[in-house]
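First the structure, in the form of structure tokens, and then the observations on it.
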Amino acid sequence: MTQPVESVVHRSQAKATRLPSVDRFLKHTQLAALIAQHGHRFVVEAARAVFALRREAAAAGGDVDVSDEGLVASVQEHIAQRLAPRLRRLINLTGTVLHTNMGRALLAPEAIAHIGRTMAAPNNLEYDVDSGERGDRDTLVENLLCELTGAEAATVVNNNAAAVLLTIAALAAGREVIVSRGELVEIGGAFRMPDVMASAGARMVEVGTTNRTHPRDYQQAINADTALLMKVHTSNYAIEGFTAAVSESEMAKIARAAGVPAASDLGSGSLIDLSTWGLPREPLPQDMLRKGIDVVTFSGDKLLGGPQAGLIVGKRELVQKIKKHPLKRALRVSKLVLAALEATLAIYRHPEQLTQRLPTLRLLARDPGEMLAMAQRLEATMRSALGTRYVIEIVSLKSQIGSGSLPVDRLPSAGFAIRAAGEKRAGSALNALAEALRKLPVPVVGRIADGALLLDLRCLEDEAEFISQLGELRIGEIA
Ligand SMILES: *Cc1c(COP(=O)(O)O)cnc(C)c1O
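The working numbering puts the sequence shown at residues 980 to 1458.
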């Protein structure tokens, strides 16, 4: 600590020079095996990277392993890390089921199987087998979407943000879209309603106030330049207290009287009434259409439980216009998405089987007693893995649906609250544990709240995998 800077530099140089030359090191027999397997250039790069890290550590005054065995092991590890896929499985114990940062909905086995069956071979993505002529990829899921929502027509794009953008661009570019000030939402940072309108080339006309919008607000704003009346589901926040909003059916009536279409962006858009399973009720696309809304947009990977996609359903003439817009070609979905979507939608033909066959619904509808029983089964293993530095408690928790769905509704759940045993540096002790859990072969992610690391067990289905890796938990030093 008190050494003059000079001598530190000398010491580190002395250590670093004990590293073999890269050329000599590459002649090591184990390196030859690595080179045979991965190629000369790749291994040289790995060796250089490992040597550079060693030199850096030496310069920082650390003890550096310059033995051949140590260097070979580091090169092997470096190569293994470089070759490991970047997209990995996680164990999501955050309590948020549709976690946007963790890939949202889990695909049903049927969807994965359908991808597997149809992707390794040529398929009829845009080929009409009956006529032997060119087909339209939308027709693969259009009938199913119409059957499930009662729509006349449907189309699919990359995500719901794209669905909204395309709908506005196709129906209102260069003209006005009327929307309530209470619905000018921002979803996940980059999706802000005013910006989407501008990107689509439409002029947004805001009506009403943040908390109250009335039918007359829409009526007074309508003029010859009005192209669309739009409602946006305020997915991720709630306005409470002295509020008023115009219902979909009221807005649809006003739109019809004025001879302009009405659109509704639902965001999540569950296809089934979730209250059947004691979950909060979300507006359904089929209800919107029945109430007279002409075009409804919603996500494929939120409550629907399918792949990332944006679904547009509604009146034939309007959907036709949307399909013909040049942006449709830029925003269209791939065959992978269509395969996953078709198989997911097909599950909805058997609503009574949804909680078994659709992972999203299975997790959302999971009984809190199940999570509590699991916590009790795991408790002893958790205690021995964490040692005496932490105090573990089984607690009731509140899960979230996530992805902006139903922000104020929480689902009763259970799991662990883990606190540092001592008061001192409790925060960094929790961070060290959270980091150690993330460093497991299948990273485990919880959430830190109120001075505890919370592990919500709602989304844990493979208990054996979770237990089997706990032995590898290495909690670092607490800073
Ligand atoms: C989530 C959401 C979107 C964006 O949907 P993505 O599928 O994430 O693109 C748009 N509008 C609303 C109301 C949403 O909740």
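Idealized CB from N, CA, C, for every residue including glycine.
query                                                                                                                                                                                : result
Measuring CB atoms only, is the stretch 1298–1306 touching the stretch 1329–1346, in the sense that at least three cross pairs come out at less than 8 angstroms?                    : no
State yes or no: is the C-beta of lysine 1403 nearer than 7 angstroms to some heavy atom of ligand 1?                                                                                : no
Would you give the residue range spanned by the beta strand (DSSP E) that alanine 1206 belongs to?                                                                                   : 1205–1211
Output the boundary residues of the beta strand (DSSP E) element that contains phenylalanine 1277.                                                                                   : 1274–1278
Could you tell me which whole beta strand (DSSP E) segments of length 3 or greater appear in the stretch 1159–1242?                                                                  : 1182–1186 and 1205–1211
May I ask you to verify whether the stretch 1083–1094 touches the stretch 1288–1295, counting CB pairs closer than 8 angstroms and requiring at least 3?                             : no
For the stretch 1366–1396, which segments carrying the beta strand (DSSP E) assignment without a break, of at least 3 residues, lie completely within its bounds, in sequence order? : 1369–1381
Any idea if threonine 981 is buried or exposed, counting beta-carbon neighbours within 10 angstroms, 16 or more meaning buried?                                                      : Annotation note: pLDDT 42 at threonine 981 (below 50); position unreliable, coordinate value reported separately. Exposed.
Go through its chain and collect everything with a Cβ distance to threonine 1073's Cβ below 7 angstroms, but skip five positions before and after it.                                : Val1424, Gly1425, Arg1426 and Asp1435
Report yes if the CB atom of proline 1347 is closer than 8 angstroms to the CB atom of alanine 1393, and no otherwise.                                                               : yes
With H, G and I counted as helix, E and B as strand and the rest as coil, what does DSSP make of glutamate 1048?                                                                     : helix
Please state if the CB of arginine 1154 and the CB of alanine 1181 are separated by a distance shorter than 8 angstroms.                                                             : yes
Looking at ligand 1, does it come within less than 7 angstroms of aspartate 1115, judged from the CB to the closest heavy atom?                                                      : no
Work out the CA separation of leucine 1412 and tyrosine 1369 for me, nearest whole Å.                                                                                                : 9 angstroms
Taking 7 angstroms as the cut-off, is the CB of serine 1178 close to at least one heavy atom of ligand 1?                                                                            : no
Could you pull out every residue in the same chain whose Cβ sits closer than 7 angstroms to the Cβ of glutamine 1265, ignoring the five residues on either side in sequence?         : Thr1128 and Gly1129
Just the Cα atoms here: how many angstroms apart are alanine 1012 and valine 1054?                                                                                                   : 12 angstroms
When the distance is taken between beta carbons, is leucine 1163 closer than 8 angstroms to glutamate 1131?                                                                          : no
Near aspartate 1204, which residues of its chain fall below 6 angstroms by C-beta distance, leaving aside the five closest residues on each side in sequence?                        : Arg1154 and Glu1155
Measuring CA to CA, which of Arg1437, Met1172 and Leu1010 is closest to valine 1351?                                                                                                 : The sequence shown places leucine at residue 1351, rather than the valine named in the question. For leucine 1351, the nearest C-alpha among the options comes from Arg1437.
DSSP on glycine 1095, reduced to helix/strand/coil?                                                                                                                                  : helix
Specify the secondary structure class of alanine 1431 as computed by DSSP and reduced to three states.                                                                               : strand
Kindly examine ligand 1 and report whether one of its heavy atoms sits closer than 7 angstroms to the Cβ of isoleucine 1166.                                                         : yes
When you compare only the Cα positions, how much space is there between leucine 1320 and asparagine 1137?                                                                            : 12 angstroms
Leaving out the 5 sequence neighbours to the left and right, which residues in its chain are closer than 7 angstroms to arginine 997 when beta-carbon positions are compared?        : Val1045
Would you identify the three-state DSSP class for glycine 1450, choosing helix, strand or coil?                                                                                      : coil
Which two residues bound the contiguous beta strand (DSSP E) that contains leucine 1290?                                                                                             : 1289–1293
Mind reading off the beta-carbon distance from alanine 1237 to isoleucine 1272? Whole number of angstroms is fine, and I expect it under 8 angstroms.                                : About 15 angstroms; that fails the 8 angstroms criterion.
For glutamine 982, does the three-state DSSP call read helix, strand or coil?                                                                                                        : Summary for glutamine 982: the model assigns pLDDT 43, below 50, so the residue's position carries little reliability, and this model does not support an answer.
Given this structure, state the Cα-to-Cα distance separating glycine 1285 from alanine 1036, to the nearest angstrom.                                                                : 47 angstroms
Report the CB separation of leucine 1324 from leucine 1258 in whole angstroms; it is logged as a contact under 8 angstroms.                                                          : Rounded, the Cβ-Cβ distance is 20 angstroms, inconsistent with contact.
So, are the CB atoms of threonine 1391 and lysine 1403 less than 8 angstroms apart?                                                                                                  : It should be noted that the sequence gives proline, not threonine, for residue 1391. No, these two residues do not count as a Cβ contact at 8 angstroms.
Which class does leucine 1310 belong to by DSSP, given the choice of helix, strand or coil?                                                                                          : helix
Asparagine 1202: beta carbon under 7 angstroms from a heavy atom of ligand 1?                                                                                                        : no
Between alanine 1084 and methionine 1230, what straight-line distance do the alpha-carbon atoms span, to the nearest angstrom?                                                       : 31 angstroms
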